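Worksheet: the structure to be examined is printed underneath.
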């Protein structure tokens, strides 16, 4: 266990806890976590996760901006929690499959990566979930439940026990986030 793994884990938990509460500090705290986990994943030869954490860092800046600057044509001062539309689900699914196959092929044939297709699949689905979170789509938390479950297994297999624990905590926080955001959607969009 390295200092990078410890800092990445602590700030990772804090970032997701803040996201569940729709707190804008989720983004800068998450940026610290991703910087630490880039090193940890590179050392473990989980190159898709390295790329994912680079993406997380960049999109955290986008999420921070998006939460600070909602649609200028809207009277709302922040992005409301909304549901994912069927066409969005279709595009997110197609993206995840194509991403998995493409990156999995590349990692298998051109690197010494471990778990190429599994790592690529969790990365592709995580990218979709992260976009959903940045746009405050309620169902992002359900997608995180699936992908975080897979990550617990991957990190146990790679003997990255602190990260496995982190993703187990993420499962709890994703459940909490879903409950809180579902309440928020009921307030902004009454039946």
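Numbering (the working numbering), first residue to last: 7 to 197.
The beta carbon of each residue, even a glycine, is placed where N, CA and C say it ideally should be.
Note that the structure is predicted; figures quoted are calculated from it, not measured.
Short Cβ contact (8 Å threshold) for residue i with residue j
i	j	result
residue 181	residue 145	no
residue 160	residue 124	yes
Beta-carbon proximity list for residue i, same chain, < 6 Å, skipping 5 on both sides
i	result
residue 18	39 and 172
residue 48	56
residue 156	128
residue 22	176 and 179
Residue i versus residue j - alpha carbon distance
i	j	result
residue 59	residue 88	26 Å
residue 98	residue 147	15 Å
residue 27	residue 187	8 Å
residue 24	residue 107	33 Å
residue 130	residue 162	20 Å
residue 191	residue 183	12 Å
residue 113	residue 119	6 Å
residue 36	residue 63	8 Å
residue 33	residue 189	22 Å
residue 50	residue 154	18 Å
residue 138	residue 152	14 Å
residue 16	residue 170	13 Å
residue 71	residue 65	9 Å
residue 158	residue 104	23 Å
residue 96	residue 53	27 Å
residue 116	residue 164	21 Å
Residues near residue i in its chain [Cβ-Cβ closer than 8 Å; skip 5 each side]
i	result
residue 68	140
Candidates the options: closest to residue i by CA position
i	options	result
residue 61	154, 136, 70 and 46	136
residue 150	176, 76 and 110	176
residue 73	96, 185, 103 and 31	31
residue 101	29, 133 and 111	133
residue 76	142, 11 and 21	142
residue 10	54, 166 and 174	166
Beta bridge counterpart(s) of residue i as assigned by DSSP
i	result
residue 143	88
7 Å CB neighbourhood of residue i in its chain, flanking five on each side removed
i	result
residue 14	39, 42, 43 and 46
residue 7	168
residue 122	110, 113 and 114
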